[in-house]
Amino acid sequence: MSANRERRSAILVLSLLPAAVASTRVIDALFMAAGVVFVLMAMSLVLPLARRFGRAASEPSEASTGETLPREGSHAASLWGALLLSSCFTAIYELVLNAVAPAESSRLGIYVPLIAVSFLTMGRLDALGVSGTARRVAVEAMRAGAAFSGLLVAVTLVREVLGAGSITLGAAVGRAPFFRDPARALGLAGGALICLGYAAGALRLGGRRGAAKRKEDQR
Amino acid sequence: MSDPAQGGQARLLLSPAPHIKAASSTVGLAWLVVASLLPALAWGIALFGIAAVRVCAVGLAAAVAAEALTTVPFKRFTLGDGSAVLTGLIVGMFLPAGVSLVVPAAASFFAIVVVKQTFGGLGRNWMNPAVGGVLFALLSWNASMARWIPLASGAAVPPLDALRSALAAGRSVPGGPLAVLNAAGYPFSGADASVLGWINGHLLGFLHVGLPTGAFDVVSGMVVGPIGAVSAPLLLAGAAFLLARGVIRWEIPVAYLAVFAVLAFALGGPATGRGWLTGEALFQLLSGTLLLGAFFAATDPVTSPLSRAGRWAYGTALGILTFVMRYFGSVGDGVVVSLALGNALVPLIDIAALGALAPSHARKAG
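Chain order of the listed sequences is A and B.
For the first sequence, counting from 1, position 216 maps to 216 in the numbering used here; every step adds exactly one.
In short: position in the second sequence from 1, add 1000, done, that's the numbering used here.
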């Protein structure tokens, strides 16, 4: 597995920690995933515009190309700016969630604001600060959001089925009981870590197999 | 060294430790531990009957099946080393006989698949597999794990909630936990009354002291509890056998039990609403899974420190942790969760006690 791919997998798993611990029901995972996807997509759309605006104010000739995001020089400043933006988008999502689903909002509590400083968001900020066209950044954000959502929902599904014996998809769908004697330890924070450990292992295994296949194809 | 057969040339043999050749092997050691546990298990089966057989059989079968499922597809055949049988047996012995059969199956499966094989198999697990499995069961099925059943004598045990309430209400009552249990209607045996009557009348009478009702039952193992943990004499006999054969080291259980007993005696009284130095150390030592854990789980060579100083430190840490967990915690009797936490400390203890990284860690770091 390449170092870059391994780094992305590690960021993905680390970013899942607070969300996975908070999500003991599938519906929780869906709301957390929606928040992350919203913040990532909004940032990938707004951040390039904000940077172009900043660069246009200081160096109008370079900014007129509009091709690339700023590189080394303004990295630290752009990181702080992007962090501020991600906090704003997270706050927007939190307010919307509170208005639309107040019960879910109070269930998830402090874990929703943690989206702003999650490893995934920080990792995306890092990518935005280093290089890449705006379109590429948006595609990357979409991919990261989809991977985050898929993994979070899968981990929570396993935890809820085995740890609570049910699948909860909100008031519309209800709660489907599976069995009476579930392993409640999987619903605890430790259960989330165990499931994430296996998810990380699966990602590594998939990465290794992919790398081996690519090598074989190259030959 | 000079070897005439090699024409007088010096011949240097290099080989990894251990350098002393002995007849024992991992396979033999595991089966020896299994053998040492059998008397205590037989006592539990005699007390609790067919229910105990069912629980232990399911635990054992699940452990063996999990080991086979996780090794045979990779063309590794490790069932013969006895470690899976030992894990299943210890899991069954830590459980009460009235537990749902899902519990031993899930605990053994978790122990083998998650705690052992996920980390690379025997010798690479950081936590004792049986301890991990029982902890999983305690956290998952807490109510089921306290489902005691009547002894073979047929005397019904009051529900656990009633005993808990009685103990909570009687904390400040003199006489300790045995007096409280007696007042709550716990069925001590007829042998207890006869033996204690004789001891108190003939041996302790002139000292104007006496053993409380129930003391004989607790010492002899005629009480409800986990299947394999009720008989202190048989557990001690099994431990003595292992110590004599050099299978386990004495430092860990001695430090563990001594530190726990001192803390229970010195601080156990205030923790239960009485004065200093009034704790029921002997009752605490003989009840719950303390002896089973101290001799048969804490001494696991894979998850205990390498050095003698480390083993003392580990035993001391376990004693402190068990005291805190038993008196102030809510997960079982505190032994299993203490062992799990203690296992997590072992690499740190090794580093501190050896003054450097253990060879296996050093290789990775280098």
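Yeah, the Cβ is synthetic: ideal placement off N, Cα and C, and Gly gets one too.
Just so it is clear, the structure is predicted and the values come from calculations on it, not from any experiment.
Check                                                                                                                     : Outcome
Contact with chain B by A:Leu-188, beta-carbon distance below 9 Å                                                         : yes
Option in B:Val-1085, B:Phe-1074, B:Ile-1252, B:Ala-1264 with minimal Cα separation from B:Phe-1328                       : B:Ala-1264
Proximal residues to A:Leu-169 (C-beta, below 7 Å), its chain only, five neighbours per side dropped                      : Val-26, Ile-27
Whole-angstrom distance between A:Leu-85 and A:Ala-50, CA atom to CA atom                                                 : 10 Å
Near-chain D residues of the segment 1047 to 1067 of chain B (beta-carbon distance less than 7 Å), N- to C-terminal order : In the structure shown, chain D cannot be found, because the protein chains are A and B.
Proximal residues of chain A, C-beta to C-beta of B:Ser-1140 below 7 Å                                                    : Ala-183, Arg-184, Ala-185
Proximity winner among B:Leu-1242, B:Pro-1233, B:Thr-1087, relative to B:Leu-1032 (alpha-carbon distances)                : B:Leu-1242
Cutoff 7 Å; reference A:Ala-33; Cβ partners in own chain excluding five residues on either side                           : Phe-148, Ser-149, Leu-152, Val-153
Buried or exposed by the 16-neighbour rule on C-beta atoms within 10 Å, applied to A:Asp-217                              : exposed
Assigned exposure category for A:Ser-9 - 16 Cβ within 10 Å defines buried                                                 : buried
Chain A residues whose Cβ lies nearer than 8 Å to that of B:Lys-1102                                                      : Note that residue 1102 of chain B is Val in the sequence shown here, rather than Lys. Near B:Val-1102 (Cβ distances below 8 Å), the residues of chain A are Asp-181.
Under 9 Å from the C-beta of B:Phe-1074: neighbouring residues of chain A                                                 : Within chain A, no residue comes near B:Phe-1074; the closest Cβ sits about 14 Å away, beyond 9 Å.
Range covered by the alpha helix (DSSP H) that runs through B:Pro-1104                                                    : 1102 to 1109
Residue-chain proximity (A:Leu-95, chain B), Cβ-Cβ < 9 Å                                                                  : no
Supposed contact pair A:Phe-89 and A:Val-39 - C-beta distance, whole angstroms, cut 8 Å                                   : 5 Å
Local conformation of B:Arg-1308 per DSSP, three classes                                                                  : helix
Cβ separation of B:Pro-1301 and B:Ala-1353, assumed to be a contact under 8 Å, to the nearest whole Å                     : Actually they are not in contact, since the Cβ atoms of B:Pro-1301 and B:Ala-1353 sit about 15 Å apart, beyond 8 Å.
Distance, B:Val-1336 Cα to B:Pro-1212 Cα                                                                                  : 28 Å
Contact residues within the segment 1333 to 1350 of chain B, judged by C-beta distance below 8 Å to chain A               : none
Proximal chain A residues relative to B:Ala-1146, where beta-carbon distance stays under 7 Å                              : Going along chain A, no residue has its Cβ under 7 Å from B:Ala-1146, so there is no contact; the nearest lies around 15 Å.
Limits of the unbroken alpha helix (DSSP H) element including B:Arg-1054                                                  : 1050 to 1071
Three-state class that DSSP yields for A:Arg-25 in the structure shown                                                    : coil
Spatially closest choice to B:Leu-1047 from B:Gly-1228, B:Ser-1140, B:Asp-1081, B:Leu-1196, by CA coordinates             : B:Gly-1228
Counted within 10 angstroms of its Cβ, other Cβ atoms place A:Ile-115 as buried (16 or more) or exposed                   : buried
Cβ of B:Ala-1106 within 9 Å of any chain A Cβ                                                                             : yes
Cutoff 9 Å: B:Thr-1118 Cβ touching any chain A Cβ                                                                         : yes
Nearest-angstrom Cβ-Cβ length linking B:Leu-1111 and B:Gly-1082, presumed shorter than 8 Å                                : Note that residue 1111 of chain B corresponds to Ala in the displayed sequence, not to Leu. At roughly 15 Å, the Cβ-Cβ gap does not stay under 8 Å, so B:Ala-1111 and B:Gly-1082 are not in contact.
Where B:Ala-1365 sits in the DSSP three-state scheme                                                                      : Model confidence at B:Ala-1365 stands at a pLDDT of 46, short of 50, so the residue's coordinates are unreliable; what they give is reported in the following sentence. B:Ala-1365: helix per DSSP, three-state reduction.
B:Gly-1201 in three-state terms, based on DSSP                                                                            : helix
Partner residues on chain B for A:Ile-194, Cβ-Cβ distance less than 8 Å                                                   : Val-1114
Element boundaries [alpha helix (DSSP H), containing A:Tyr-111]                                                           : Run containing A:Tyr-111: none; DSSP gives neither H nor E here.
Per-residue contacts from B:Phe-1094 into chain A (C-beta, under 9 Å)                                                     : In chain order: nothing, as chain A lies at least about 15 Å away.
Delimiting residues of the alpha helix (DSSP H) encompassing A:Thr-156                                                    : 134 to 163
Of the residues A:Val-36, A:Glu-6, A:Leu-95, A:Pro-102, the one placed nearest A:Ser-118, counting alpha carbons only     : A:Val-36
Residue closest to B:Tyr-1186, alpha-carbon to alpha-carbon, out of B:Ile-1199, B:Trp-1148, B:Phe-1295, B:Leu-1060        : B:Trp-1148
Rounded C-alpha distance that separates B:Ser-1144 from A:Arg-180                                                         : 13 Å
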